[in-house]
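What follows is a set of notes on a single structure, which appears directly below.
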Amino acid sequence: MFCRLSNCSITEEGYKALASALKSNSSLIELDLRGNDPGPSGVKELCDSQKGRLFSSKTLKTLRFLSPAAEEACQFVSGIVGKNPLLLRELNLSEHELGDTRVNQISALLQDKHCKLNTLMLNNNNITEKGCAALTSAFNSNPSNLIELDLSGNKLGNSGMKKICSLLENTQFRLEKLKLSDCSITEEGYKALASALRSNPSHLIELDLTGNDPGQSGVKQLNDLLQDPNCQLKTLRFLGPAADEACQYVTGIVGKNPLLLRELNLSERELGDTNVKRLTALLRDKHCTLNTLM
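For the sequence shown, numbering that gives the first Met the number 0 begins at 0 and goes up steadily by one.
Okay, structure coming up:
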């Protein structure tokens, strides 16, 4: 028996009922559920319903959730991680040479409501603005599940940053952690990010921008955002561990965040070579934009 139920507005409740029915003696051999929304557990319920029936003459032979493009992407990802991504909540594809072509392919999977990832790690994947555009388009189509996104080490640039900003402005997109270290973002991208977070400040709690270049005003733009009572950001990371330690050391001396200063006077203090060496980690970071150092 064949059952085709694609695009029938079926949700998690319907998937659970179907899974329960299939656990009993069923003659169904093909089931098509493309274009529906299985909720957090619908896919797992149906997959679990077939366990222990693999050698039964009444085993469901074809269980179709995805379009051809999304199915191809699903098989590609399964080949890398060894698991069905539809059953995962966390997917780490970091350090694989995906490039824009593969990311564009994977986006077909990410935009399908059968994909329920909470965490996606794509650092150092050779992704550019084009791949970033495909990702943000996918998440705009399927926005409600992703909580953590790591795109560190990709050359997204300001154009890619603006694509991400358009996503952050989507009130249905509930991202809490965003890692964008070493993404070739400059002052223009920082300004766009500050603007996006002002328009939709309620979800993001952790933001990592280490290794980018904020220009003259990028740090201040985002730092001012922290004064907004609606802003939920708890962690705003600009510096690597050594530079952050130096930043805290200087703040303890002068009572101000040196990233927001143009002039820094540490004269008449017994710094010595050890503390000066510590300070250089801060001075070499592009988030430090001092004009005068005494």
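In this text, a Cβ means the ideal position worked out from N, Cα and C, and glycines have one as well.
**Item:** Sufficient close CB pairs (3 or more, under 8 Å) joining the region 31-39 to the region 1-15
**Value:** Touching, per the Cβ criterion.
**Message:** Measuring alpha carbon to alpha carbon, tell me which residue in E94, Q247, H113 and L97 is nearest N320.
**Reply:** Outside the modelled stretch of the chain, which goes from 0 to 293, sits residue 320, for which no answer is possible.
**Prompt:** How many Å lie between I252 and A245 at the Cα?
**Reply:** Rounded to whole angstroms, I252 to A245 spans 11 Å at the Cα level.
**Prompt:** Going by beta carbon distance, what residues of the same chain come within less than 7 Å of N103, once the five residues before and after it are set aside?
**Reply:** The beta carbon of N103 sits closer than 7 Å to those of G130 and A133, all from its chain and outside the five residues before and after it, given in chain order.
**Request:** Starting from R63, follow its DSSP beta bridges and name the residues at the other end.
**Result:** R63 pairs with D31.
**Request:** Report the partner residues of N91 according to the DSSP bridge assignment.
**Result:** Bridge partners of N91: M120.
**Message:** Considering only their Cβ atoms, is the gap separating T170 from N125 smaller than 9 Å?
**Reply:** Contact flag unset, no.
**Message:** For a quick check, are the C-beta atoms of L167 and L196 less than 9 Å apart?
**Reply:** Yes.
**Asked** Where does the unbroken beta strand (DSSP E) through K176 begin, and where does it stop?
**Response** It spans K176 to K178 - the beta strand (DSSP E) in which K176 sits, taken as one unbroken run.
**Message:** Taking the beta carbon of N229 as the centre, do at least 16 other beta carbons fall within 10 Å, making it buried, or is it exposed?
**Reply:** Burial state of N229 is exposed, judged by a 10 Å Cβ sphere holding fewer than 16 other Cβ atoms.
**Request:** Within its chain, find whatever has a CB closer than 7 Å to the CB of D99; leave out the 5 residues flanking it on each side and keep chain order.
**Result:** Here the set comprises I126, T127, K129 and G130.
**Request:** Note down the Cα distance separating A193 from E29, rounded to an integer number of angstroms.
**Result:** A193 and E29 have their C-alpha atoms some 50 Å from each other.
**Request:** Work out the CA separation of Y189 and L232 for me, nearest whole Å.
**Result:** Computed Cα separation, rounded: 15 Å.
**Inter-residue Cα distance where the pair is Q215 and L259** = Looking at the backbone, the Cα of Q215 and that of L259 are separated by about 9 Å.
**Message:** Considering Cα atoms alone, identify which of A72, A16, A68 and R268 is closest to K43.
**Reply:** With distances taken between CA atoms, K43 lies nearest to A16 out of A72, A16, A68 and R268.
**Request:** Provide the residue(s) that pair with T291 in DSSP beta bridges, ordered along the chain.
**Result:** Looking at the DSSP assignment, T291 forms a beta bridge with E262.
**Item:** Among I79, A18 and E70, the one whose alpha carbon lies nearest that of L45
**Value:** Checked all of I79, A18 and E70; the closest Cα to L45 is A18.
**Request:** Can you give me the start and stop residues for the alpha helix (DSSP H) that R101 sits inside?
**Result:** It spans G98 to L109 - the alpha helix (DSSP H) in which R101 sits, taken as one unbroken run.
**Asked** Roughly how many angstroms lie between the CA atoms of D284 and G254, to the nearest whole one?
**Response** Going by C-alpha positions, D284 is about 20 Å away from G254.
**Message:** Give the list of continuous beta strand (DSSP E) stretches no shorter than 3 residues that lie fully inside the region 122-163.
**Reply:** The beta strand (DSSP E) runs lying completely inside the region 122-163 and spanning 3 residues or more are 147-149, given in chain order.
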